[in-house]
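Below is one structure; the comments refer to it alone.
In UniProt numbering, the protein residues as written are 1 to 348.
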């Protein structure tokens, strides 16, 4: 026998047999069929009407797709990425970069002033290897490179070089001296360094190398707050009425050129991910400065992973109570600051 709990799907129960329901009248069947056909026709009509806007949009969609493909192709042809060469912003030779994403338009050319004989000779000196490599052939594994950027204060530079000679651990590292302009006495002081590897670099487009034209001072240039109409000079003042001062802007230009060259344009620092210490020609260095800096750099990831620099400059910090094992400054001074390549990428 079959259980009485069968699904009611159009069958009737009669003891142990299943009896199909009686057939529907023919008129009811034909009426339902015509109604179904009518509904099907309505659905098809609506589907056709709904499809018309899509068909009209199809050519436009294809056109947009072709435009996107064309732009993508042009970008791939006209640009290079991280596997391509990095072009020195000041016209130097290219170096290979693999640690960051770069997009450089190869067809765009920098409009730089014509170099003088002195500028070209200094540019060639930038490619020379460090001196004193016979005395100090190897650098310490965890060394911190030192960059000293200078202009033309030889009396200060002598004291700074003398203080560096007495720094503990100085022989383990490399000193890079970046010159804003060429001055013979400054050059001689640096060439006399014997206590570590030493390399000189010269900003080839420093205004101090172009005394009679851009980026230096050109004849007829406006100065300070000159009125071009009254004085018949050439120049466009800034929002405060000041005209371009090459000697002032060279401070910024030299710093930016130096940073790009040291981090991305030198064979000696290519691939170097450690910290680099930056000091100026009037920063007197204590004998324990280098070791103290190494301690700060070692503590930074453990004690202050969010910190972006280690600084030798004295800072005003607020402390309450006793038992402090560290003090963190919320700003960075320009005296003896150091940071690594990760921070440089954020700056750049």
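Each residue gets a CB set at the ideal place from its N, CA and C atoms; glycine is no exception.
Check each candidate in 259, 217 and 168 and name the one with the smallest Cα separation from residue 234. For the purposes of this step, residue 234 is identified with residue 234 of the chain shown, where counting begins at 1. Measuring from the Cα of residue 234, the nearest candidate turns out to be 217.
Same chain, Cβ closer than 8 Å to residue 189, neighbours up to 5 away in sequence not counted: As a first step, residue 189 must be located in the chain shown, where it is residue number 189. Beyond the five residues adjoining it in sequence on each side, residue 189 comes within less than 8 Å, by CB distance, of 154, 157, 158 and 161 in the same chain, given in chain order.
Residues bridged to residue 234 (per DSSP): On the chain shown, position 234 is the one that residue 234 refers to. According to the DSSP secondary-structure assignment, residue 234 is paired through a beta bridge with 221.
Distance between residue 277 and residue 174 (C-alpha atoms, nearest Å): If you number the chain shown from 1, residue 174 lands on position 174. If you number the chain shown from 1, residue 277 lands on position 277. Distance between the alpha carbons of residue 174 and residue 277: 11 Å.
What does DSSP give as the partner residue(s) for residue 296 in the beta ladder? Here residue 296 refers to the residue found at position 296 when the chain shown is read from its first residue. Partner(s): none; residue 296 has no beta bridge.
Suppose you measure from the CA of residue 62 to the CA of residue 68; what does that come to, to the nearest Å? Taking the chain shown and counting its residues from 1, one reaches residue 62 at position 62. Taking the chain shown and counting its residues from 1, one reaches residue 68 at position 68. When rounded, the distance between both Cα atoms is 10 Å.
I'd like to confirm the pairing. Which residues does DSSP put opposite residue 114 in its beta bridges? As a first step, residue 114 must be located in the chain shown, where it is residue number 114. Beta-bridge analysis with DSSP links residue 114 to no other residue.
Measure the Cβ-Cβ separation of residue 258 and residue 149 and say whether it is below 7 Å. For this step, residue 258 is matched to residue 258 along the chain shown. For this step, residue 149 is matched to residue 149 along the chain shown. Yes, these two residues count as a Cβ contact at 7 Å.
Counting Cβ pairs closer than 8 Å, one from the region 244-256 and one from the region 200-215, do we hit at least three? By the Cβ rule, the region 244-256 counts as touching the region 200-215, because three or more pairs are nearer than 8 Å.
Three-state secondary structure (DSSP) of residue 93: Your numbering for residue 93 matches position 93 in the chain shown. Summary for residue 93: the model assigns pLDDT 40, below 50, so the residue's position carries little reliability, and this model does not support an answer.
How close, in whole Å, do the beta carbons of residue 116 and residue 209 come, if the pair is a contact with beta carbons under 8 Å? To locate residue 116, count along the chain shown from 1; it is residue 116. To locate residue 209, count along the chain shown from 1; it is residue 209. Confirmed, about 6 Å.
Could you tell me whether the Cβ atoms of residue 130 and residue 198 are closer together than 7 Å? If you number the chain shown from 1, residue 130 lands on position 130. If you number the chain shown from 1, residue 198 lands on position 198. The Cβ atoms of residue 130 and residue 198 lie closer than 7 Å to each other.
Give a yes or no on whether the C-beta atoms belonging to residue 287 and residue 166 are separated by under 7 Å. Position 287 of the chain shown holds residue 287. Position 166 of the chain shown holds residue 166. Less than 7 Å separates the beta-carbon of residue 287 from that of residue 166.
How far does the alpha helix (DSSP H) with residue 330 in it reach, from first residue to last? Mapped onto the chain shown, residue 330 falls at position 330. Boundaries for residue 330: no alpha helix (DSSP H) harbours it, and the DSSP string shows neither H nor E there.
Whole-angstrom C-beta distance between residue 204 and residue 119, which should lie under 8 Å: Within the chain shown, the letter at position 119 stands for residue 119. Within the chain shown, the letter at position 204 stands for residue 204. At roughly 5 Å, the Cβ-Cβ gap stays under 8 Å, so residue 119 and residue 204 are in contact.
So for residue 176, helix, strand or coil by DSSP? Counting from one through the chain shown, the residue named residue 176 turns up at place 176. DSSP places residue 176 in the strand class (E or B) of the three-state scheme.
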